[in-house]
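In the working numbering, the protein residues as written are 423 to 537.
Rendered as structure tokens:
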């Protein structure tokens, strides 16, 4: 089973930026599509960004133009650069591989956008 550890969250003012990291175990990380999800209180978990093994990316409309997903296969790590943050971006952020069996969910990292 592949395990992930998310980090980089925190408290930031509206308009600010954060960079999240997700470190994954395993030697074949590079073959997986990876994604960042978020879950706000009372809401379902939603997929906000994905990146393929070849580096193709997709974004939810709510974050398009503000968030950038990237990966470093040599480090088994996927990143989420978040700019122009809004209060509605407040959530726990998780990474995982959409549709892949055998990826455990991590603890997530809390992002709070507030003045």
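For each residue, glycine too, the CB sits at the ideal point set by N, CA and C.
Practice task
Answer yes or no: do residue 472 and residue 457 have a C-beta to C-beta separation smaller than 8 Å?
Solution key: yes
Problem - Opening and closing residue of the beta strand (DSSP E) in which residue 454 lies - result: DSSP places residue 454 in no beta strand (DSSP E); its state is neither H nor E.
Problem - Buried versus exposed call for residue 519 [16 or more other C-beta atoms within 10 Å across all chains shown] - result: buried
Problem - With 16 other Cβ atoms within 10 Å as the buried cut-off, status of residue 442 - result: buried
Practice task
For residue 451, I'd like the list of residues in its chain whose CB is within less than 7 Å of its CB, leaving aside the five on either flank, ordered along the chain.
Solution key: The beta carbon of residue 451 is closer than 7 Å to those of 495 and 498 in its chain, skipping five residues each way along the sequence.
Exercise for the section: Can you grab the Cα-Cα spacing for the pair residue 481 / residue 470, in whole Å? Expected result: 6 Å
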